[in-house]
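According to this note's numbering, the sequence shown is numbered sequentially starting from -11.
Idealized CB from N, CA, C, for every residue including glycine.
Note that the structure is a prediction, hence the values are computed from the model and not measured.
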Amino acid sequence: MLKNLDHPDAVAREMAALDEGERIRRWRRGMQVAEERQRALRAAEGPRPAQAVAECLSILNALEAMGRWPGPSDPISEQGVQEVRERWTRIQRRARAKALLEKAVAGAVARFHVDIRRLARAALQQELRRVRNAMAPSRVQSRRHVHR
């Protein structure tokens, strides 16, 4: 390896001594080590959603400034977008139908409760009248009692 690292031409002499294939392999190893180190640092730091969104918006702004956003449309992408729109339309339609059904059922249940209460109240009043009439002395009996 290098004998005198302080000499300004030491690295250049070392690189010249290596063949081109070895230089490329050394460069690739260095890049891989750097990538592994970056990956480890990112993993230790954790996710940063705010930065990811900012970078994405920055890229979109750069593409727009270059006149490349929105990108050219192709038939396959357009077909995919159309399929997503159709699915979303079906989902919305089902959700609206479900909401209408739930509202109708809730209204029917509420009306049913009102009708049951009204019928129960009417039946109770009728029964109370019957009991009062059964317990009250008849007018004929009360007149006889008074005249005696």
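query: In the structure shown, what three-state DSSP assignment does Pro125 receive?
result: coil
field: Three-state secondary structure (DSSP) of Gly68
entry: helix
message: Considering only their Cβ atoms, is the gap separating Trp57 from Leu45 smaller than 7 Å?
response: no
task: Measure how close the beta-carbons of Met3 and Arg11 come, nearest whole angstrom, since I'm counting them as under 8 Å.
output: 6 Å
query: Could you give the distance in angstroms between the alpha-carbon of Ala28 and the alpha-carbon of Ala38?
result: 20 Å
message: Going by DSSP in three states, Pro63 sits in which element: helix, strand or coil?
response: helix
task: In the DSSP assignment, find the unbroken alpha helix (DSSP H) run with Trp15 in it and report its ends.
output: Glu8 to Glu33
message: Using the three-state DSSP reduction, which class does His146 fall into: helix, strand or coil?
response: Here the chain covers residues -11 to 136 and nothing more, so residue 146 does not appear.
- request: Note down the Cα distance separating Leu112 from Ala83, rounded to an integer number of angstroms.
  value: 43 Å
task: Taking only the alpha-carbon atoms, compute the straight-line gap between Ala50 and Gln26 and give it to the nearest angstrom.
output: 25 Å
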